[in-house]
Amino acid sequence: MPILYVPNDPEARKAPPPRKLRPSRKRATGLADFAFGAMPKAQVWPVESDAYLRWQCREALLRAIAMWEKIAGPLRRWQHGAKLRVDADIGEELNAYYDRESVGYAHFRSTKTGRLRRFAASVDVVAHEAGHAFLDAIRPELWDSNLPEPNAFHEAFGDCVAILTALADRDVRRALLKADPRLAKANFVETLMESLANAIRDEMPGHNAAKPRRGRNRHKWTFFTALPQDGGPGELIADSHSFGQVFVGCFHDTLRNVFLSGAKRDEAALWMAARTTGKLLVLAARKAPHGPRFFQSIGRAMTLEDDAIHGGRNHEAIRLAFKAHGILLGSVAALAPRSMLEGPAPKAAVGAGRPAMAKATMDDLRSRLDLPAGASLRLRSYDLGGRRVTEACHERRIELTGLAERLEGAVAIGAEPALVGAEHRRAAVLGALPDPRMTRDEVRAFVRGLVARNAIAYDAPARKSAARRTTKRGRGAVTSPNAAPTHAVVQEHGQQVLRRVRFACSCRK
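When we follow the numbering used here, the leftmost residue of the sequence shown carries the number 169, and every step to the right adds one.
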């Protein structure tokens with residue numbers, strides 16, 4: 169039996185209309201799957217019904233993962249298991265979330281207009297949260313990052329997944345190109361999560377998130393630490409969702425550049441450009457060193473992977489897109505030898521084993537990073553642009569004293585990666601070494617934003633369904649029942665440590 173499917177956000181302008189289709193098949197055994205629970209009968213349900221919402225959410229998630237696997241290959245498991253629980257309606261809240269065990273989508277009825285919006289009905293919102301899960305499956309260390317750009321990238325990655333999920337639909341591509349053959353104008357694909365933004369606008373017109381995020385934007389990179397904590401609708405502020413728009417702009421412009429560089433401009437060529445750009449994004453997300461300038465690191469990895477896979481065919485498309493948003497790549501510099509290290513070149517991992525680095529090399533690195541003898545360095549090896557590199561990452565504990573009374577004595581972890589390669593069979597630093605002062609400044613700036621938005625649970629890890637909370641009304645704030653924190657202060661070996669408990673698109677002060 170067919171179901172009714174809306175292929176974009178229900179409030180997207182000029183998007184293809186709802187259509188009847190056969191629901192996607194169940195996932196094959198041995199692949200990562202969703203736990204939808206007992207589903208209602210498959211039929212064309214009224215759009216205001218719970219049954220419609222659940223089928224719409226199911227179809228959006230299965231189409232998102234089908235898109236992902238066309239780009240990234242089979243997904244065997246999520247970060248915390250084979251199945252990811254799905255809740256199409258977690259209650260009344262301006263929110264959707266991913267917490268490693270589940271994805272959930274809220275509903276909200278405007279106190280001013282009375283309009284009810286159910287966010288699981290939006291392919292954009294559904295795919296965005298799935299994007300967090302996809303990235304977490306391939307790059308789990310980003311989950312607990314306390315650096316601003318990796319956190320903003322996580323949000324941007326969700327938006328990129330939403331764009332790619334839309335473009336995987338042939339009807340969407342045809343409608344898009346009919347309206348805008350060169351992708352030069354605002355359109356329903358690059359405009360994201362309209363229903364969530366409109367719900368926020370109805371409640372709080374001056375809120376920063378009261379305008380939809382956009383792939384086609386003019387935001388320029390600047391230091392996160394230089395941005396204001398708050399701003400009007402659509403302004404760039406020191407918030408992960410807002411700052412992530414810089415990277416989404418880079419991705420959207422890369423995709424458009426790749427599309428326009430081709431000989432054909434039809435829907436098949438658009439999907440090919442989307443797949444090419446999406447694959448480079450996923451490869452870069454797997455490999456880019458986890459440091460403060462993560463947007464640049466991702467862009468550099470995209471060009472290096474393009475060199476290795478396509479002979480640099482898309483190098484200019486990527487470079488110009490990032491440059492348009494204030495990010496200069498200089499990809500060659502990422503792997504340029506900077507200084508020799510003691511000891512032989514690292515040995516790459518064999519099979520499921522770990523890479524090996526000589527003690528003399530490790531000791532030399534610790535000295536250069538101003539670390540005590542024996543300080544932990546986490547190793548991983550991979551090919552970046554066809555060159556074997558070993559990443560040695562130190563997790564620096566950053567004191568949070570002075571940011572909030574309840575953070576006195578607490579710490580947050582800041583990643584400091586160093587790339588090591590081979591030069592004449594000797595170990596050598598590739599690119600720049602981390603700067604501990606930069607790590608401290610960036611981590612504290614990120615946590616300062618969490619404090620400002622009441623996003624930290626101080627006494628214990630936040631529960632999945634927190635008690636009703638009301639944030640203060642005012643510019644950048646809105647009443648949001650059950651707005652659960654994204655982070656919690658937990659005890660680890662006698663030390664209070666800030667840890668993430670979920671990614672959430674909640675509207676918070």
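Cβ coordinates follow ideal geometry from the N, Cα and C atoms, glycine included.
- Distances from the alpha-carbon of Lys194 to those of Asn176, Asp218 and Arg231 put Arg231 closest.
- The three-state secondary structure of Cys225, taken from DSSP, is helix.
- Here Lys491 carries a helix assignment [DSSP, helix/strand/coil].
- Between the segment 656-674 and the segment 262-275, the count of C-beta pairs closer than 8 Å reaches three or more; the two stretches touch.
- When the beta-carbon positions are compared, Val416 and Thr444 stay at least 8 Å from each other.
- No Cβ-Cβ contact shorter than 8 Å links Val657 with Gln663.
- Sorting Phe204, Phe302, Val215 and Gly205 by C-alpha distance to the C-alpha of Arg245 places Phe302 at the top.
- Taken through DSSP and simplified to helix, strand or coil, Glu237 comes out as helix.
- Per DSSP, Pro242 is not a residue of any alpha helix (DSSP H), being assigned neither H nor E.
- Between the alpha carbons of Val615 and Asn376 lies a distance of about 19 Å.
- The three-state reading of DSSP puts Pro585 in strand, counting E and B together.
- Glu473 is classed as buried because its beta carbon has at least 16 other beta carbons within 10 Å across all chains shown.
- Cβ contact annotation for Arg268 (same chain, cutoff 7 Å, sequence separation greater than five): Gln247, His248 and Asp304, in chain order.
- Take the alpha-carbon of Leu552 and the one of Val174: they are about 39 Å apart.
- Selection Asn314, Arg522, Lys515 and Leu533 evaluated against Arg593 yields Lys515 as nearest (Cα-Cα).
- When beta bridges are read from the DSSP output, His275 appears opposite Glu260 and Arg286.
- If you check the CB distance, Met606 and Pro460 come in under 8 Å.
- Ranked by Cα distance from Phe276, the first of Pro208, Ile368, Ala517 and Arg341 is Ile368.
- By the CB criterion at 8 Å, Pro523 and Arg548 fall inside the cutoff.
- For the pair Lys346 and Ala436, the Cα-to-Cα distance works out to about 13 Å.
- Under DSSP, His562 takes part in a beta bridge, and its partners are Glu584.
- DSSP places Ser544 outside both helix and strand once states are collapsed to three, so it counts as coil.
- In this chain, Val669 is not harboured by any beta strand (DSSP E), its DSSP state being neither H nor E.
- Here the alpha carbon of Ala336 sits roughly 6 Å from the alpha carbon of Met235.
- One alpha carbon belongs to Asn622, the other to Pro653, and they sit about 7 Å apart.
- Going by DSSP, Gln413 is part of the alpha helix (DSSP H) stretching over Ser408 to Leu428.
- When rounded, the separation of the alpha-carbon atoms in Ala492 and Asn482 is 16 Å.
- Ser270 sits away from Glu227, with the two beta carbons spaced by 8 Å or more.
- The beta carbons of Leu360 and Pro380 sit about 5 Å from each other, so the pair counts as a contact at 8 Å.
- Under a 10 Å Cβ-count criterion, Met530 is classified as buried, with 16 or more other Cβ atoms of the shown protein chains found around its own Cβ.
- The bridge partners DSSP lists for Tyr550 are Val557.
- By the Cβ rule, the segment 304-322 does not count as touching the segment 211-223, because fewer than three pairs are nearer than 8 Å.
- When the alpha-carbon of Arg253 is set against those of Pro178, Tyr273 and Phe419, the nearest one is in Tyr273.
- Rounded to whole angstroms, Arg286 and Glu309 show a C-alpha spacing of 32 Å.
- Beta-bridge partners of Gly249 (DSSP): Trp246.
- In terms of Cα proximity to Leu497, the closest of Gly479, Ser410, Met508 and Met470 is Met470.
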